[in-house]
Amino acid sequence: MVEMQMSECSIEEREQLKLERLQSTLNRAYKNVPFHRNRFLERELSPQDIISLKDIEKLPFMDRGHLATHYPYGLFAVPLRDIVRIHTAPGTGDSPSISGYTKADLLIWKKLVARSLEAAGVTEMDIIQIHLPPGLANWGRDYKDGGETVGASVIPNSPLSLSKTLMVLRDYKTSTLVTTLAFAQQLMEHMFEQEHNPNELNLKRIILVGEPVARDVAKDIEDRLHVDVWLNYGLSEIPGPAIAHESENHCGLRINDDHILPEIIDPNTGRPVLPGEKGELVLTTLSARAFPLIRFRTGDMAHFLTETCSCCSHFTKMVWHRKRADNYIIISGIKVSLDQVKIDLKKALNIPSPDCEMEKICQGGIEILKISLVVDNQLFSDEIKDLERLMYRTEEILSERVGVPIKIRLMQKRP
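Printed below as a string of structure tokens:
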């Protein structure tokens, strides 16, 4: 088994290991990253002042804005010669967000992804097929590495059509599909429309990533496709897709807290909530050498599970909620900043204040961001074709920057 030895430790030993890893992370960040060092000094703190896990509350938060401000390498804690992989995500400003990995980081992350796959029942006898949108391409590589670490056969992420993806599922005898909720539902509807019986497939499980999924929605997929559905939680920023995963009896998401320290805070006050209360999830890396993040505000709403369950896991468990603490929307598993989309829209149209509304819709089985844009004096043109060309070009620009399909619909000025 790939599972690390935390389960064999006592509670005291596990907490001590986390504290030692936290202190090591803080020392490395303080020594090598001016951003972190200055934030310690602003609060008249040093890493030596953190003598318990609770002391992390003394430190300030990070958010996605800090990643953009210190683009590209301002948050790296090791020399570039030690970086073996660099990931990018759309980010919240003009620059993408960036994260880096050392060889040791990648080895740990492979084991964590493998841990999540094993929790879903994947073994070396399985064939894993990965189908993720371009905005989650980095996760596709992570799941490939994790699957190979388990010893399973892996069909890597590739941009196949829906019908060819189904053909591969059937002909290659795929047993595990890693994908988003949107694609799983699209695949399911396509199969029933084309009268493909689920019994034609060898599919045993679907691992859903990118967004929270209600158990009744998962149950519908399970019943119709004759599979087990498992949920994984991850971030584009740190360090990838398997920060947490469902346990054997679907009693919440187990956080890999031996490598990532979780907190739940009140998003308005920044103070910790009471055990079991809902709030914003905050994460601190404990073993990431290249790119340590300290008290990173995810924007995801969650609550910790305080009651015990039959799986007897020692990891912290949480429930992931659909409502967010920030102005983001999740489209096909990709977090999209609506504030940033409006900024990009303003630049693309070269107008000071576009009057628009944004929402997620499903079109042809694909989730897209729909922008309803008011045609006013800023946009008005006597030539309809000129306006159509401008909208088409703007859709292309925004889709490329955001990483999801975008459709602009023009509408009359509101009364």
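Residue numbers (our numbering): 1 to 415. We put the beta carbon where it would ideally sit given N, CA and C, even for glycine.
Our two residues, CYS251 and LYS347, have alpha carbons roughly 46 Å apart in a direct line. Boundaries around ARG205 are those of the beta strand (DSSP E), 205-208, since no alpha helix (DSSP H) includes it. The alpha carbon of LEU373 has as its nearest neighbour, out of LYS342, ARG401, GLY365 and GLY364, the alpha carbon of LYS342. The beta-bridge partner set that DSSP reports for TRP230 consists of ILE207. Assignment of beta-bridge partners to ARG85 by DSSP yields TYR101. Burial check for ASN199: the Cβ neighbour count within 10 Å stays below 16, so the residue is exposed. Of the residues assessed, ARG39 falls on the buried side of the cut-off, its CB having 16 or more other CB atoms within 10 angstroms. A distance below 8 Å between beta-carbons, with the five flanking residues on each side excluded, links TYR172 to the following residues of its chain, in chain order: ILE127, GLN129 and ILE155. In the DSSP assignment, LYS385 falls within the unbroken alpha helix (DSSP H) covering 384-402.
Under the three-state reduction of DSSP, PRO47 is assigned to helix. About 15 Å separates the Cβ atoms of LEU112 and ARG85, ruling out a contact at the 8 Å cut-off.
The region 350-360 makes no contact with the region 209-229: fewer than 3 CB pairs, one atom from each, lie closer than 8 Å. Contact annotation: the region 176-185 touches the region 211-227, with at least three C-beta pairs closer than 8 Å. Our two residues, GLY135 and ALA89, have alpha carbons roughly 8 Å apart in a direct line. Non-local beta-carbon contacts of SER116 in its own chain, meaning distances under 6 Å to residues more than five positions away in sequence, involve ASN232, ALA242 and HIS245 in chain order. Note on the region 9-64: whole alpha helix (DSSP H) runs with a minimum of 4 residues are 11-32 and 34-42, in chain order. In the assembly as shown, ASP258 is a buried residue. Its beta-carbon has 16 or more other beta-carbons within 10 Å. For ARG170, the uninterrupted alpha helix (DSSP H) segment begins and ends at 162-171. For MET318, the uninterrupted beta strand (DSSP E) run begins and ends at 317-324, by DSSP. Distance check between TYR328 and each of SER313, MET318, GLY299 and PHE315 places GLY299 closest, using alpha-carbon atoms only. The three-state secondary structure of SER95, taken from DSSP, is coil.
Nearest neighbour of MET167 by Cα position, chosen from THR394, SER153, ASN202 and SER337, turns out to be ASN202. Sixteen is the threshold: since fewer than 16 other Cβ atoms of the shown chains lie within 10 Å of the Cβ of SER158, the residue is exposed.
It is roughly 19 Å from the alpha-carbon of ASP266 to the alpha-carbon of ILE255. In this structure, the alpha-carbon of GLN363 lies about 48 Å from that of LEU17.
Nearest Cα to ALA214 within the set GLY270, ILE384 and TRP320: TRP320. The residues MET301, in chain order, have a CB closer than 7 Å to that of LYS323 in the same chain once the five nearest residues on each side in sequence are set aside. In its chain, beyond the 5 residues on either side, LEU373 and VAL375 have a beta carbon closer than 6 Å to the beta carbon of LEU410.
Bridge pairing for GLN340: absent [DSSP]. ARG271 places its beta carbon 9 Å or farther from that of VAL282.
Contact between HIS36 and ILE294 holds: CB atoms are separated by about 6 Å, below the 8 Å threshold. Annotation: the continuous alpha helix (DSSP H) that includes LYS219 extends over 215-225. In this chain, the beta strand (DSSP E) harbouring GLN363 covers 356-363.
When GLY333, HIS190, GLY146 and ALA325 are compared, the shortest CA-CA separation from PRO133 is found for GLY333.
PRO60 and ARG393 have their C-alpha atoms spaced approximately 41 Å apart. Cα atoms of VAL402 and GLU396: separation of roughly 10 Å, rounded to the nearest angstrom.
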